[in-house]
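What follows is a single structure, written as structure tokens, with notes after it.
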Amino acid sequence: MKPLLKLFPILLLFMTATANCQNNDEITDPELTEIWEPQPPVVEPAPLSSEPPADAIILFDGTSLDNWVSVDGSEAEWDLGDDHMTVRPGTGDIITRQEFNDIQLHVEWRAPEEIDGEGQGRGNSGIFLQNRYEVQVLDNWENPTYSNGMAGSIYKQHIPLANPAKRPGEWQRFDIFFKSPVFDDDGNVEEPARFTVMLNGILVQNNVEVFGPTVYIGPPEYEPHGAAGILLQDHGDYVSFRNIWVRELDQEIRFTDGIWRDPQD
Ligand code: MG
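Residue numbers for the sequence shown, in the working numbering: 68 to 332.
This is the structure in structure tokens:
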């Protein structure tokens with residue numbers, strides 16, 4: 068290759084950068100890139116604990132199952148303990164009465180202290196966002212299973228970045244950030260759903276794209292849907308839950324991209 072041809076891509080980069088500088092130099096007022104409206108709402112943060120912040124919707128505080136029903140619409144039949152509820156195997160999944168789109172969700176859970184079973188048969192439950200997309204709950208303390216079925220996996224889709232499992236019998240916490248999918252008028256996926264997930268304060272899913280509703284067999288496939296409840300799974304194991312709260316994420320802010328544009332354009 069001739070020396071001049073070799074230099075061509077570098078030259079092109081330099082020319083583009085210079086052109087950009089000239090454009091930016093024309094803008095001298097820093098206020099042009101300050102966006103004041105809309106303002107994110109002020110939220111009183113909780114002290115260093117998992118207490119719900121001021122704008123949280125409390126889904127379960129240990130006192131009743133009133134915010135939940137069985138998936139068949141009948142009363143939720145899970146067992147209510149002192150400050151928690153426990154799956155009563157065979158009574159089925161339970162789901163929130165309220166339906167949600169984009170949310171921040173906090174859930175604390177505990178696998179039975181007495182180890183019974185192995186792999187997927189040990190402390191298995193699940194948290195399904197919009198009744199479809201599962202963050203796996205599993206006792207993963209020294210309990211090997213397939214990686215994309217571990218606690219903190221987006222079941223059968225995304226392997227968790229770490230395994231911060233606590234011992235069975237200890238309380239664990241999920242903080243889940245979910246962006247619901249967007250469909251066009253023909254039902255095609257415009258934006259897939261996305262998850263960011265912390266398990267026990269450790270990032271296990273980093274803004275991953277969901278490929279479709281959770282399925283046990285075969286590849287997932289999207290079907291258009293709107294807001295839907297949060298489902299907790301009865302997988303036949305005595306998994307307990309406590310302190311469940313959710314924050315709805317503001318749609319107006321989501322659809323405002325935060326980039327200044329010339330009002331004349
Ligand atoms: Mg499960």
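Cβ atoms here follow ideal geometry from the backbone N, Cα and C, with glycine treated the same way.
Where do the N-terminal and C-terminal ends of the beta strand (DSSP E) with residue i fall, by residue?
| i | result |
| --- | --- |
| Val204 | 200-204 |
| His225 | From DSSP, His225 is part of no beta strand (DSSP E); its letter is neither H nor E. |
| His173 | 170-177 |
| Asp242 | 239-246 |
| Ile194 | 192-196 |
| Gln272 | 269-276 |
| Val264 | 261-266 |
Note down the Cα distance separating residue i from residue j, rounded to an integer number of angstroms.
| i | j | result |
| --- | --- | --- |
| Gly296 | Glu315 | 13 Å |
| Pro97 | Glu104 | 16 Å |
| Trp327 | Ser214 | 43 Å |
| Leu228 | Ser220 | 9 Å |
| Gly188 | Val154 | 14 Å |
| Ser192 | Glu118 | 23 Å |
| Asp242 | Leu266 | 7 Å |
| Ile194 | Gly325 | 32 Å |
| Val264 | Gln272 | 5 Å |
| Asp133 | Ala123 | 17 Å |
| Asp131 | Phe308 | One detail in the question is off: residue 131 reads as Ser in this sequence, not Asp. Near 12 Å, if we compare the C-alpha coordinates of Phe308 and Ser131. |
| Ala121 | Tyr200 | 27 Å |
| Ala235 | Ile182 | Residue 235 is actually Pro in this sequence, not Ala. Those two C-alpha atoms are separated by around 7 Å. |
| Ile162 | Asn310 | 15 Å |
| Ser247 | Gly279 | 11 Å |
| Glu290 | Ala260 | 12 Å |
| Arg177 | Val306 | 6 Å |
| Ala294 | His225 | 23 Å |
| Glu45 | Gly129 | Any answer about residue 45 is impossible in this case: the structure gives the chain only from 68 up to 332. |
| Asp252 | Asp139 | 29 Å |
| Asp146 | Phe127 | 13 Å |
So, under 8 Å CB-CB, residue i and residue j are touching, yes? Tell me the CB distance rounded to an integer number of Å.
| i | j | result |
| --- | --- | --- |
| His173 | Arg240 | 7 Å |
| Val249 | Glu237 | Contact doesn't hold; Cβ gap of about 38 Å is too wide. |
| Thr281 | Tyr222 | 5 Å |
| Asn210 | Glu180 | Not quite, the Cβ-Cβ distance comes to about 14 Å (not below 8 Å), so this is no contact. |
| Gln203 | Ala218 | 6 Å |
| Ile269 | Pro231 | 4 Å |
| Ile125 | Phe245 | Their Cβ separation, rounded to whole angstroms, is 18 Å, which puts Ile125 and Phe245 out of contact at 8 Å. |
Using DSSP bridges, identify the partner residues of residue i.
| i | result |
| --- | --- |
| Thr163 | Trp135 |
| Met217 | Beta-bridge pairing links Met217 to no other residue. |
| Ser141 | DSSP, once it has assigned bridges, lists no residue as partnering Ser141. |
| Trp312 | Ile125, His173 |
| Val256 | Phe250 |
| Thr323 | In DSSP, Thr323 forms no bridge with anything. |
| Ser117 | The partner list for Ser117 (beta bridge, DSSP) is empty, contrary to what the question assumes. |
| Leu298 | Ile162, Phe195 |
| Leu147 | Met152 |
Any chance you could list the residues with Cβ under 7 Å from a heavy atom of the ligand MG, keeping chain order? Qualifying residues come out as Asn191, Ser192, Gly193, Glu201, Gln203, Val204, Leu205, Tyr222, Gln300, His302.
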